[in-house]
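Read in order, the letters of the sequence shown are residues 1072 to 1702 in our numbering.
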Amino acid sequence: MNLIDPADLPKSAADGPQSWGEAWTNLASTTSSAQQMIENTTSDRSMLEDIYARRIKTIEDLTGQTLENPIRSDIGVPGFLQPPFRAAYAKNEEEFSKRVSTLAQQYPELSNQFQSLSGGVDDEMNRMRREAEQATGQAALNPNLDPISRFAAQMAGGLAGAARDPFQWQMAIAGGGGASAGQSVAGRIGKTMVSEFMLNGGQEAVLQAASQPRKKAAGLEYGLGDALTNIGVAGTFGALFGGTLEAGHALAGLYRMGDGGAEIATRVLEGKPQPGDVETMAKAMGVELQPEQLQQLNRSFEEKVLDDHMIGADATPEQQRVFEAALRYAEDPDNHPPPEIVERAIADEQAGPARTLTADDYERIYGGDPNAIDDLRGVMQAESLDDAARIIDDQTRQPSQQTVAAVAPAAVEPEVAAQAVLKADGENVLLKTPQEDAHLSLRRDGQNLKVGITSVSKASRGQGKARQLYEEAVRLADENGGVLRSDISVSNDALRVYNSLSRRGYDVRRNPDAVRTDKGWIAPDQPGQNWVFEVRPRPDPGAIVDPLEGQTIRPRTALEPTDAEAMRIAEEQAGVVGEPVIDANGNPQSLLDFIPITDRDGNVRLVSPSEALEIAEQGNILADLLEVCQV
């Protein structure tokens, strides 16, 4: 089980400066360890096995000899190892102690090391429990935690620790905890569980009674009051096994937090609350937060954002702008964009004349300016704020700290085709249509050209304007001895352009290490691999071949199978006749998958291939069917 020895934990409330998240995680983890060592029914067996395993490892390091663990499952030691049952395995433990004594006599020079191994395992087990309790209490004293955060961390840690007790699961599955008999666990221990598998007060009472003797032996607080306190927590919150998601739903339902309450409670229990979550949860639970507590909470969120964007005394103006954006976002996240967006906007600004959006444009869009979309419609082609944000996210750029070495501009600008207007300035290139209804920003990367942002006006979409600009970009890159490369991300919309180029005969190659996502493709995080697609010219740019040209449905020479073996081979080659795809309304997604058949009255109806074959088998009408279908 590899339990943490509390002696290895920090002795102070904070081992150096801790953020709010670190303090929360520390309290949750120590609470989880204490739950596993003190409350869980399997703690005796697990702790004893771990203690013996550590001693065996030490002996092996000292002498090279390996001893058998006297407490292990393969010799039948039960998980629920209460004192009466442990007596049956005392012989194994006595044999282990004798072996240790014998080795100590064989290696007198290691007497000091063996002395630390001669102590009773029960004393060490009780020490670990006491120190686990002390570590939990010490972590709870961290000044970075407010009462609600402290409660949430202890609750989440306790749930995580309880989830490691297989006896609780067995009782729940068997119906001991209110769960239906015959039900199966919907996930692994510690993962999300359905709400049926909960630990109610009745089952927790049994488990609490089992933990009372070990608490007394360890010198911890025990008795009816302690058991009732824990049983009350279990009965109130359901003590869900499935981690914080179900616990969040239980809390939200119990305190009538309304829409979004489960998400708020879940974020608080996970230690990832957003601004306002803790206040909302505290209000629902009837806990009044003092002004200084609210101030401390808000400061923790601000510090959490600023930690990622802290700058030094020699910061550049661009870094200063990002830090100021982080300050604004920390103070008012609802009306200011995240600093990462501003950083991306600055990188876009640094692209020079080829830029399409300024940092102010980004801030207006993410800040909710209702006039931003109308003002930027020609650039963004967005119908809503969400659409604008999606387009920005699809056009991921490198951070401003990552720059590409400048390349001297070409001595002579190449001849530009009539379908594109070229503007070049150093390492930046801008292609646009003569009507200025489509733009393609590029960046020189050695001999290659790197795609930046593509924009097409709404009125000109579907006319191949973007593809024409890409074709011109491929020509420019090829004249310079390079290729056209995509950016580090390619959205699903941009993917259509690359597919169109491929259909027209261009050599389009995808980075084999690129990753597919719901939004498109992302380049691998490897040096020199920050591209998804490479495009090279057609073998013969002057000849555009229609992929359907020269193809006919009717074969030039129709060869029919002449015997049973030939028919079998033909059927294998043809494969299984698949049924056409039908949508949710029962309509065919493509009429090309159906065969029109005209009856004797002149009525035409569409049939599937399998139905057409069935009709063909009825009598000698195969020739008529083929003639009607013009095959």
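For glycine and all other residues, C-beta sits at the position ideal for the given N, C-alpha and C.
- Under a 10 Å Cβ-count criterion, A1544 is classified as buried, with 16 or more other Cβ atoms of the shown protein chains found around its own Cβ.
- A straight line joining the alpha-carbon of D1194 with that of A1094 spans about 30 Å.
- Ranking A1161, I1127, R1198, G1208 by CA distance to the CA of Q1184 puts I1127 first.
- Ranked by Cα distance from Y1541, the options V1579, G1552, S1528, V1675 are led by V1579.
- Here E1605 carries a strand assignment [DSSP, helix/strand/coil].
- For D1578, the three-state secondary structure derived from DSSP is strand.
- Judged by beta-carbon spacing, V1675 lies beyond the 8 Å limit of I1666, meaning their Cβ atoms are not closer than that value.
- For N1499, the enclosing beta strand (DSSP E) begins and ends at 1499 to 1503.
- Under the three-state reduction of DSSP, T1669 is assigned to strand.
- Q1518 is classed as exposed because its beta carbon has fewer than 16 other beta carbons within 10 Å across all chains shown.
- Straight across, the Cα-Cα distance linking T1207 with D1330 is about 34 Å.
- Of the residues T1134, N1215, R1546, L1188, the one whose Cα lies closest to the Cα of L1098 is N1215.
- L1181 is positioned such that its CB atom lies no closer than 8 Å to that of L1138.
- Measuring C-alpha to C-alpha distances from L1119 to each of R1515, I1640, T1669, N1197 identifies N1197 as the nearest.
- DSSP, reduced to helix, strand and coil, places G1523 within a strand of the structure shown.
- Bridge partners of S1512 according to DSSP: L1501.
- Minimum Cα-Cα distance from V1171 among the listed residues R1200, Q1205, E1131, I1142 corresponds to E1131.
- Here the C-alpha atom of S1187 lies approximately 15 Å from the C-alpha atom of F1167.
- Close CB contacts of Y1569 within its chain, under the 6 Å cut and outside five residues either way in sequence, are with V1579, F1604 (chain order).
- Within its own chain, the residues whose Cβ lies closer than 6 Å to the Cβ of A1175, once the five positions on either side in sequence are excluded, are F1185, listed in chain order.
- Across the structure, D1584 and S1562 are spaced so that their CA atoms are roughly 17 Å apart.
- In this structure, DSSP gives S1571 a helical state, which the three-state scheme calls helix.
- For W1592 and R1116, the gap between their C-alpha atoms comes out near 50 Å.
- Judged by beta-carbon spacing, L1572 lies within the 8 Å limit of R1538, meaning their Cβ atoms are closer than that value.
- Taking a 10 Å sphere around the C-beta of V1586, we find fewer than 16 other C-beta atoms and assign the residue as exposed.
- By the neighbour-count criterion, in which a residue is buried when 16 or more other Cβ atoms sit within 10 angstroms of its Cβ, M1638 is exposed.
- Cβ-Cβ distances below 6 Å link R1581 to F1604 in the same chain, with the five nearest sequence neighbours on each side left out; the list follows chain order.
- Taking the Cα positions, V1500 is about 12 Å away from T1525.
- Residue range 1192 to 1211 is occupied by the alpha helix (DSSP H) that includes G1208.
- Apart from the 5 residues on each side of it in sequence, T1101 sits with its Cβ closer than 6 Å to the Cβ of A1206, T1207, A1210 in its chain, given in chain order.
- Per DSSP, the unbroken alpha helix (DSSP H) holding S1182 starts and ends at 1182 to 1186.
- Per the DSSP secondary-structure output, G1591 pairs in a beta bridge with S1562.
- As computed with DSSP, V1678 is found in a beta bridge with I1666.
- Excluding sequence positions up to five before and after R1556, its CB lies within less than 6 Å of the CB of N1519, K1521, W1602, E1605, all in the same chain and listed in chain order.
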